[in-house]
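To start, the structure itself, in structure tokens.
Numbering (my numbering), first residue to last: 172 to 642.
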């Protein structure tokens, strides 16, 4: 079991690191303003994705009949239908998106991006079905191979174009290869069925995820839309790169936790006392490891973020290092919040994540008003942190209410994690003159707090110890 966890984590990490390397290489090879335009392609894709988040991949893992070939074919058919509709929507919205971001000359690029949801729609769901039996290689290869190819083409594209189209063609190639690779590693023949009953069940299962997809668009892209529209492409490039650096490990952690724990939680029979105890235990492990991932992210960026940015991006992105710790805290709270969402999803309660994200979305009007009034990027990030803090608190309340997980074992880890994040933020805010000659204080404090946080996570430590003994 521990070997499977390491496989998932390493596989997701390799994919994300290659995509991060792709973004860093593009940022080095093209002007800063062009990278700002390239960052808006992610916003364009999110417009489509927010309308297609029905959780079909999670449904084939969570559903009792997930092994049924016809059920899989029906989900694949629904996926193709959604992808084609998504491509049409993106093509129609290309002009308005470019106009809103004040880059009307890029309309053609957004229209070409309409191919991406169509490519994604033909992904073979066998890579997700196999997760039910803890077989993860097909899903890992379907992510890693396309990411490698997307990185490989950056240099020749940059030599030929030298602008934001480098990112455009890299994104298109990756989307096409994800579909191709998923078919190459699949074990079942690919079939498409349009089944109204399955589509109806998927809509009932996924409508909270659909709304949550819209909320996630606001969470992940709302700040960028505001910054890009009001402050320009160069400021957006700085902000987007900061998001990329801190969000990449966050997504690796959240995706790995969901891939690993969702099948285990879904398989528990909660109708028996033993099953209820098992579910409670695994729920604590899932939420504690999500919180641990959050504090590790903060510690890493507090200790190494600034020198790594200077090394990788040079003076073009000199304005980024002062934002890194705050962005790491923002993303850390987001990955911590995902733990409760996985627990709820395993029981079919898909609305928990949606409700928790509402707290973050509520900050967007405040951010927009602040930016219009002259606020800078640190203020934008601070308001986002407050929203994510409220969202995490709500996620804990929701998982306690439904599916009814007791949260006593989370009190210590939460308090220690808060202390660590506060220490990281304060240490980052203190001037070099105050800590002159005592630069060891903050690293030592963060490492001690990280150790204390781990000590309070009794369920997680017991889980890891048992897995080591059973290897």
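For glycine and all other residues, C-beta sits at the position ideal for the given N, C-alpha and C.
None of the values given here were measured: they were computed from a predicted structure.
Taking a cut-off of 8 Å for Cβ pairs, the segment 425 to 445 and the segment 486 to 499 do not touch, as fewer than three such pairs fall below it.
Excluding the 5 residues flanking it on each side, residue 200 has same chain C-beta neighbours closer than 6 Å at 329, in chain order. Put simply, the backbone Cα of residue 508 is about 13 Å away from that of residue 581. DSSP places residue 346 in the helix class (H, G or I) of the three-state scheme.
Within the same chain, 474 come within 7 Å of residue 614 by CB-CB distance, once the 5 residues on both sides are set aside.
The alpha helix (DSSP H) runs of length 4 or more contained entirely in the segment 281 to 339 are, from start to end of the chain, 286 to 292, 297 to 300, 308 to 323 and 325 to 331. Contact between residue 382 and residue 300 is ruled out by a C-beta separation of about 26 Å, above the 8 Å threshold. Annotated as distal: residue 459 and residue 591, with beta-carbon spacing of 7 Å or more.
When the five nearest sequence neighbours on each side are left out, the beta carbons in the same chain lying within less than 8 Å of the beta carbon of residue 499 are those of 417, 468, 469, 471, 472, 473, 476 and 595, in order along the chain. Just measuring C-alpha positions, the residue of 598, 597, 583 and 269 sitting nearest residue 622 is 583. Contact between the segment 503 to 518 and the segment 533 to 544 is absent: fewer than three C-beta pairs spanning the two stretches fall below 8 Å.
In the structure shown, the three-state DSSP call for residue 576 is coil. Within the same chain, 245 come within 6 Å of residue 369 by CB-CB distance, once the 5 residues on both sides are set aside.
Here residue 360 carries a coil assignment [DSSP, helix/strand/coil]. The DSSP-derived three-state label of residue 238 is coil. Annotated as distal: residue 320 and residue 356, with beta-carbon spacing of 7 Å or more. Nearest C-alpha to residue 289 among 265, 304, 260 and 269: 260.
Non-local C-beta neighbours of residue 271 in its own chain, meaning closer than 7 Å and more than five positions away in sequence, comprise 400, ordered along the chain. Note that the C-beta distance between residue 285 and residue 278 is not below 7 Å. Nearest Cα to residue 505 within the set 393, 425, 443 and 479: 425. In the three-state DSSP reduction, residue 544 falls in the coil class, being neither helix nor strand. Just so you know, the alpha carbons of residue 238 and residue 524 end up roughly 26 Å apart.
Going by DSSP, residue 455 is part of the alpha helix (DSSP H) stretching over 444 to 484. In this structure, the straight-line span from the alpha carbon of residue 209 to that of residue 363 is close to 34 Å.
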